[in-house]
Amino acid sequence: MTTKVKLTKDQKKALAEYEFRLREEDRYLGSVFVTPQGQREIEAKTKIAYNRCKALGMTHEHGL
194 MTTKVKLTKD QKKALAEYEF RLREEDRYLG SVFVTPQGQR EIEAKTKIAY NRCKALGMTH
254 EHGL
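Written as structure tokens, this is what we have:
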């Protein structure tokens, strides 16, 4: 039996932000209004959120 890893307040916020950015990226890339510049901007925001999670010590065990 595996136990769930506890998250700190900052980790919870960072994970929520990362999941939100992933949803936004999926929503944007499914749109008919996708542009190369817009795609780069959305992907950059997602990468920033991901790097924030990694900086807080989160791994795949935390949901990344």
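My numbering puts the first residue of the sequence shown at 194, with every later residue one more than the last.
All C-beta atoms, glycine included, are put in the ideal place defined by N, C-alpha and C.
- Within the same chain, Cβ atoms closer than 7 angstroms to the Cβ of residue 238 are found at 214, the five residues on either side in sequence being excluded.
- Here DSSP, grouped into helix, strand and coil, assigns residue 257 to coil.
- Pairing residue 243 with residue 221 gives a Cβ-Cβ distance that is not under 7 angstroms.
- The criterion of a C-beta distance shorter than 7 angstroms is satisfied by residue 207 and residue 249.
- Across the structure, residue 219 and residue 227 are spaced so that their CA atoms are roughly 11 angstroms apart.
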